[in-house]
Amino acid sequence: MSEDIEIILETVLETASSYGLSVLGAIIILVVGLWLSVRVAAIVRRSLSKNRRVDEMVAVFLGSMTRYALVAVTIIAVLNQFGIQTTSLVAVLGAATLAVGLALQGTLSNVAAGVMLLLFRPFKVGDYVEVGGIGGTVRAVTLFLTEMATVDNVEIVVPNGQVWGAVIKNYSHNATRRCDINVGIGYDDDIEAARAAVMECIAADDRALKDPAAVVVPIGFGESSVDLQIRVWTNTADFWALKFDLTQKVKEKFDERGITIPFPIRTIVQAKE
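Taking the working numbering, I'd label the letters of the sequence shown as residues 823 to 1095.
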């Protein structure tokens, strides 16, 4: 019995001496790796958060991805410490990742597009944009979807992949915009008199910017009118209000000055039987 005990003790001691350092090294690698994953992820998140162009959601997302990547590397290093061949394991994980990526191709493309939108910020919440022919005010931008509301307050949800892959018109990006209003006057009317009447209306409105200066130019000849275009600059926030008010004031000023705004007239003659 004593000999059996001695054999068991010798076996235990040999095993401990053989694998003790490996176990100790694995524990150290695991602890250091997990600690580094948390610290590096926090550094990445803080660094990105300091950049005003990077959305907080992107900072959190990339920080989490960094942590998971370091944890995966740590686990592989621990397995290597025990002499386990991880080459096949890495190959299996790579194949599984590829399979999942192909299965979730559409979703992952939306996530990638969401990251690009949040990084480069072609628009922000509150901007009025047109994407793929759809116009609306941006309400939210997530990693998967962009939410907009039309002028009549209809909710529109667009996958980020479609937003990033389309032409984006941001009407709110610039501080100022040019307001164009087309109006026709009769061929018998004086163009200079019409221009002077329009300029009076513009000068009376504080929302019309002095620089660049407003202009009234002829742009063509219609069937019954000489077509003029009013070009006046204003702050983006005042664009529609100025356009509506100036259209009304120009009509009233033309009526006051006797300047006609012609319209087509059709005479219907009944044929005699």
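Using N, Cα and C, we set each Cβ at its ideal position, and we do this for glycine too.
- request: Using only the heavy atoms of the ligand ADP, determine whether one of them is closer than 6 Å to the beta carbon of residue 958.
  value: Within the structure as shown, the ligand ADP is missing, as the structure has no ligands at all.
query: Any chance the region 958-977 sits against the region 1008-1021, with 3 or more Cβ pairs inside 8 Å?
result: Contact fails: fewer than three Cβ-Cβ distances are below 8 Å.
message: Let me make sure I understand the geometry here. Which of 1044, 846, 1071, 994 has the alpha-carbon closest to that of residue 1058?
response: By alpha-carbon distance to residue 1058, the top candidate from 1044, 846, 1071, 994 is 994.
task: Assign residue 1011 to one of two classes, buried (16 or more other C-beta atoms within 10 Å of its C-beta) or exposed (fewer than that).
output: It counts as buried.
- prompt: At what residues does the alpha helix (DSSP H) containing residue 1020 begin and finish?
  reply: Element bounds for residue 1020: 1013-1025.
field: Candidates 899, 856, 873, 1091: closest to residue 890 by CA position
entry: The shortest C-alpha separation from residue 890 is found at 856.
query: Cβ of residue 1049 within 7 Å of Cβ of residue 1008?
result: The Cβ-Cβ distance between residue 1049 and residue 1008 does not fall below 7 Å.
task: Label residue 951 either buried or exposed according to how many other C-beta atoms from any shown protein chain fall within 10 Å of its C-beta, with 16 as the threshold for buried.
output: Flag for residue 951 reads buried.
- request: Apply the 10 Å Cβ neighbour rule to residue 936 and answer buried if 16 or more other Cβ atoms are within range, or exposed otherwise.
  value: Residue 936 is buried by the Cβ-count criterion.
message: Can you look up residue 974 in the DSSP assignment and give me helix, strand or coil?
response: Reduced to three states, the DSSP call for residue 974 is coil.
Which listed residue (1029, 985, 955) has its alpha carbon closest to that of residue 1062: Ranked by Cα distance from residue 1062, the options 1029, 985, 955 are led by 1029.
- prompt: By Cβ distance, which residues of its chain are closer than 8 Å to residue 1092, with the 5 residues on each side in sequence left out?
  reply: Nothing listed; no residue qualifies.
message: For a test of the three-state rule: what should DSSP assign to residue 794, helix, strand or coil?
response: An answer regarding residue 794 cannot be provided, because it is not within the stretch 823 to 1095 covered by the chain.
- prompt: DSSP puts residue 1034 in a beta bridge; with which residues?
  reply: Answer by DSSP bridge pairing: none, since residue 1034 is not bridged.
field: Per DSSP, cross-strand counterpart(s) of residue 956
entry: Beta-bridge annotation (DSSP): residue 956 is paired with 953.
- prompt: How about residue 978 and residue 958: are their beta carbons less than 7 Å apart?
  reply: For residue 978 and residue 958, yes; Cβs fall inside 7 Å.
task: List the DSSP bridge partners of residue 999.
output: Per the DSSP secondary-structure output, residue 999 pairs in a beta bridge with 1056.
task: Would you mind sorting residue 999 into buried or exposed? The rule is 16 or more other CB atoms within 10 Å of its CB.
output: Within a 10 Å sphere around the beta-carbon of residue 999 sit 16 or more other beta-carbons, which makes this residue buried.
- prompt: With 16 other CB atoms within 10 Å as the buried threshold, where does residue 1081 fall?
  reply: The residue in question, residue 1081, is buried, as its Cβ has 16 or more Cβ neighbours within 10 Å.
- prompt: Using a Cβ-Cβ cut-off of 8 Å (strictly less than) and excluding sequence neighbours within five positions of residue 1066, which residues of its own chain qualify?
  reply: Taking C-beta separations shorter than 8 Å and ignoring five residues to either side along the sequence, residue 1066 has no partners in its chain.
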